[in-house]
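Each residue of the sequence shown is one higher than the one before, starting from 1 at the first, in this note's numbering.
First comes the structure, then the notes that go with it.
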Amino acid sequence: MAAAAGDEGRVLSLYEGWNAVGVHEVHIDKGWRSTYVKLSEPADDLAVLGPQRWAIAHGESGRVVILDGDDQPNTVATFEPAPLQVASADLNRDGHVDLVVASDGVRPLLHLLHGRAGGFSPPELVPLDPKGRTAPRLLLVDIDREGHIDVVAGLTTGEPQAPIPDHLRIFRNASHGGLVDEWRAQVQSPHQLDAADVDEDGLPDILATGPDGAWLQHSSGFGWLDSPEKLAGGTVSGGVLRDVDRNGHLDIVLLRADRQRIEVHPGIGAGRFAPTQHYDVGAGPIALAVVERADETLLVSANAEAKSFTTAKVVGAHTGPHRTGK
Ligand SMILES: [Ca+2]
Ligand SMILES: [Ca+2]
Ligand SMILES: [Ca+2]
Ligand SMILES: [Ca+2]
Numbered sequence: 001m002a003a004a005a006g007d008e009g010r011v012l013s014l015y016e017g018w019n020a021v022g023v024h025e026v027h028i029d030k031g032w033r034s035t036y037v038k039l040s041e042p043a044d045d046l047a048v049l050g051p052q053r054w055a056i057a058h059g060e061s062g063r064v065v066i067l068d069g070d071d072q073p074n075t076v077a078t079f080e081p082a083p084l085q086v087a088s089a090d091l092n093r094d095g096h097v098d099l100v101v102a103s104d105g106v107r108p109l110l111h112l113l114h115g116r117a118g119g120f121s122p123p124e125l126v127p128l129d130p131k132g133r134t135a136p137r138l139l140l141v142d143i144d145r146e147g148h149i150d151v152v153a154g155l156t157t158g159e160p161q162a163p164i165p166d167h168l169r170i171f172r173n174a175s176h177g178g179l180v181d182e183w184r185a186q187v188q189s190p191h192q193l194d195a196a197d198v199d200e201d202g203l204p205d206i207l208a209t210g211p212d213g214a215w216l217q218h219s220s221g222f223g224w225l226d227s228p229e230k231l232a233g234g235t236v237s238g239g240v241l242r243d244v245d246r247n248g249h250l251d252i253v254l255l256r257a258d259r260q261r262i263e264v265h266p267g268i269g270a271g272r273f274a275p276t277q278h279y280d281v282g283a284g285p286i287a288l289a290v291v292e293r294a295d296e297t298l299l300v301s302a303n304a305e306a307k308s309f310t311t312a313k314v315v316g317a318h319t320g321p322h323r324t325g326k
């Protein structure tokens, strides 16, 4: 997987089961400048807390550690079952970034760790789901737009006949800082999530992608979602909502693993789209990142087969991809 960093012009890479984070400065014309931060053990996920400051989830040992510049990694908590996903935002608006950790296993769980001076509070447990659910995915967004960031978990079983179908579960952030299990929205295999206001009604909408396709779910207010609208079938291994052509309207970017290309649905306002643009990528694309610089927007796909990245520049009009080895 790859994840876009908070800093301009950079993308982070983390391949599941690898014990290094790649920090890549991406220049379409001048190639890439990459450094690697070695980890003590293979990692499953990372969240960006600031420039050169990350939270790393280690599934094998159950640890979540903070890497802060060149300092030694600091273990903030150890979980049972093991953590697989970590996300960060200031949930209680006290100026300290907080962590949400999802753990996998027979009984997936959410854990909330509040940031404070010099560290984090002990984890608070938020029950996530009955047995049989795996691979919880996390998205932090103020879905009801009342001022506090809420938690959306994507839950997948991998079994079409599961007693509880795959769904998004929305935990609204009550003003006292606790999470309230509020709402479920059915959608198939939500493996990656992103949120932004696609139809420009002031409420963030959710893009869910995975091995069964891509869906857009419009917010209908109060944290509720309309029925999902199918954008694509087949395997979609990444999805991002961003104004990549910088025309002032959000675009939908999908990494179509089955077609080996990135698709951009250019937004033209009020949830309408111009004809889709395509950018070819390498074999076995597994993750998508958008890199923004002052003068360009780059689409990056991480390709598993040749362990390569493909970079394509978005300039409103289509330009060809530029391959960079890794
Ligand atoms: Ca906080
Ligand atoms: Ca909220
Ligand atoms: Ca909306
Ligand atoms: Ca746009």
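For each residue, glycine too, the CB sits at the ideal point set by N, CA and C.
Can you give the beta carbon distance from leucine 231 to alanine 214, rounded, assuming they're within the 8 Å contact cut? Here the question's residue 231 lines up with position 231 in the sequence shown. Here the question's residue 214 lines up with position 214 in the sequence shown. That belief holds up - the Cβ atoms of leucine 231 and alanine 214 are roughly 4 Å apart, short of 8 Å.
In whole angstroms, what is the alpha-carbon distance linking leucine 225 and serine 40? Counted from its first residue, the sequence shown places residue 225 at position 225. Counted from its first residue, the sequence shown places residue 40 at position 40. Roughly 41 Å between the two C-alpha positions.
Go through the segment 61 to 88 residue by residue and report every complete run of the beta strand (DSSP E) that reaches 3 residues or more, in order. Qualifying beta strand (DSSP E) stretches, in chain order: 63 to 68, 74 to 78.
Say yes only if the C-beta of leucine 155 is nearer than 6 Å to one or more non-hydrogen atoms of ligand 3, and no if none qualify. Indexing the sequence shown from 1 puts residue 155 at position 155. Not one heavy atom of ligand 3 falls within 6 Å of the beta-carbon of leucine 155.
With DSSP as the reference, label phenylalanine 273 as helix, strand or coil. Within the sequence shown, residue 273 is the residue found at index 273, counting from 1. Strand, per DSSP.
Closer than 6 Å to a non-hydrogen atom of ligand 2 - does that hold for the CB of asparagine 173? Taking the first residue of the sequence shown as position 1, residue 173 is located at position 173. Under cutoff, so the answer is yes.
C-alpha distance - valine 26 paired with alanine 162, whole-angstrom precision: Taking the sequence shown and counting its residues from 1, the one referred to as residue 26 is at position 26. Taking the sequence shown and counting its residues from 1, the one referred to as residue 162 is at position 162. In a straight line, the C-alpha of valine 26 is about 42 Å away from that of alanine 162.
Can you tell me which residues fall inside 7 Å of ligand 4, judged by beta-carbon distance to its nearest heavy atom, and keep chain order? With 7 Å as the limit, the residues whose C-beta approaches a heavy atom of ligand 4 more closely than that are Asp243, Val244, Asp245, Arg246, Asn247, Gly248, His249, Leu250, Asp251, Pro266, Gly267, in chain order.
Shell residues, 6 Å Cβ cut-off relative to heavy atoms of ligand 1: Having a Cβ closer than 6 Å to some heavy atom of ligand 1 are Asp90, Leu91, Asn92, Asp94, His96, Asp98, His114, Gly115.
Pick from Ala174, Pro160, Ile164 that is closest to aspartate 150, judged by C-alpha positions: As a working note, residue 150 is residue 150 in the sequence shown. Closest by alpha carbon: Ala174.
Checking contacts by CB at 7 Å: is valine 21 closer than that to chain D? Included in the structure is just one protein chain, with no chain D present.
Opposing strand residues paired with lysine 38 [DSSP bridges]: Here residue 38 corresponds to residue number 38 of the sequence shown, with the count starting at 1. The beta-bridge partner set that DSSP reports for lysine 38 consists of Ala20.
Within 10 Å of its beta-carbon, does alanine 283 have 16 or more other beta-carbons around it, so buried, or fewer, so exposed? In the sequence shown, the residue the question calls residue 283 occupies position 283. So alanine 283 counts as exposed.
Could you name the residues that DSSP lists as bridge partners for aspartate 205? Residue numbering aside, residue 205 sits at position 205 when the sequence shown is read from its first letter. When DSSP reads this structure, aspartate 205 sits in a beta bridge with Ala196.
For ligand 2, is there a heavy atom less than 6 Å away from the beta-carbon of aspartate 331? Given that the chain is displayed from residue 1 to residue 326, the structure contains no residue 331 and the question cannot be resolved.
CB-CB length for alanine 153 against arginine 172, believed under 8 Å: For this step, residue 153 is matched to residue 153 along the sequence shown. For this step, residue 172 is matched to residue 172 along the sequence shown. Contact flag wrong, Cβ pair sits at about 12 Å.
Let me check you understand the geometry: is the CB of aspartate 199 closer than 6 Å to at least one non-hydrogen atom of ligand 3? Reading the sequence shown from its first residue, position 199 is the one you call residue 199. Aspartate 199 Cβ: within cutoff of ligand 3.
How far does the beta strand (DSSP E) with histidine 191 in it extend, from its first residue to its last? In the sequence shown, the residue the question calls residue 191 occupies position 191. Premise fails: histidine 191 is in no beta strand (DSSP E) and is neither H nor E.
Find the nearest neighbour of alanine 312 within the set Phe273, Pro275, Leu255, judged by alpha-carbon distance. As a working note, residue 312 is residue 312 in the sequence shown. Nearest option by C-alpha distance: Leu255.
Residue nearest to histidine 111 in terms of C-alpha spacing, selected from Ala117, Thr297, Val126: Translated into the one-based positions of the sequence shown, residue 111 becomes position 111. Closest option to histidine 111, Cα to Cα, is Val126.
Using only the alpha-carbon positions, how far apart do proline 204 and alanine 185 sit? Against the sequence shown, residue 204 aligns to sequence position 204. Against the sequence shown, residue 185 aligns to sequence position 185. Cα to Cα, the separation comes out at about 15 Å.
One question on the structure: do valine 350 and valine 264 come within less than 7 Å of each other, judged by their Cβ atoms? As shown, the chain starts at 1 and ends at 326. That puts residue 350 outside it, with no answer to give.
Kindly examine ligand 2 and report whether one of its heavy atoms sits closer than 6 Å to the Cβ of aspartate 212. The sequence position of residue 212 within the sequence shown is 212, counting from 1. No.
Arginine 256 - containing beta strand (DSSP E), residue span: Counting from 1 along the sequence shown, the entry for residue 256 is found at position 256. Looking at the DSSP string, the run of the beta strand (DSSP E) that includes arginine 256 is 251 to 256.
Tell me whether aspartate 194 counts as near ligand 3, meaning its Cβ is closer than 6 Å to at least one heavy atom of that ligand. As a position in the sequence shown, residue 194 is number 194, starting the count at 1. Result no, Cβ not under 6 Å from ligand 3.
Closer than 6 Å: is that where the CB of aspartate 205 sits relative to any heavy atom of ligand 6? Ligands displayed in this structure: ligand 1, ligand 2, ligand 3 and ligand 4; ligand 6 is not among them.
Status (buried if at least 16 other CB within 10 Å, exposed otherwise) for aspartate 166: Sequence index remark: in the sequence shown, residue 166 carries index 166 (1-based). Aspartate 166 should be labelled buried.
To the nearest angstrom, how far is it from the Cα of glycine 238 to the Cα of serine 189? In the sequence shown, the residue the question calls residue 238 occupies position 238. In the sequence shown, the residue the question calls residue 189 occupies position 189. Between the C-alpha atoms of glycine 238 and serine 189 there is a straight-line separation of about 12 Å.
DSSP three-state assignment for leucine 91, whether helix, strand or coil: Translated into positions along the sequence shown, residue 91 becomes position 91. Three-state DSSP puts leucine 91 in coil, outside helix and strand.
Inspect the CB distances between the segment 93 to 104 and the segment 56 to 72 and report whether three or more fall short of 8 Å. Segments in contact, yes.
Is the closest heavy atom of ligand 2 to the C-beta of glutamate 146 under 6 Å? In the sequence shown, counting from the first residue as 1, residue 146 sits at position 146. Glutamate 146 Cβ: within cutoff of ligand 2.
Between the C-alpha atoms of histidine 218 and serine 34, what's the straight-line distance to the nearest angstrom? Along the sequence shown, read from residue 1 onward, the residue named residue 218 stands at position 218. Along the sequence shown, read from residue 1 onward, the residue named residue 34 stands at position 34. Straight through space, the alpha carbons of serine 34 and histidine 218 are spaced by roughly 38 Å.
Exposed or buried, what is serine 13 when buried is set at 16 or more other beta-carbons lying within 10 Å of its beta-carbon? Mapped onto the sequence shown, residue 13 falls at position 13. The residue in question, serine 13, is buried, as its Cβ has 16 or more Cβ neighbours within 10 Å.
Exposed unless 16 or more other CB atoms sit within 10 angstroms - verdict on glutamine 72: The sequence position of residue 72 within the sequence shown is 72, counting from 1. Classification of glutamine 72: exposed, given that the 10 Å Cβ count is below 16.
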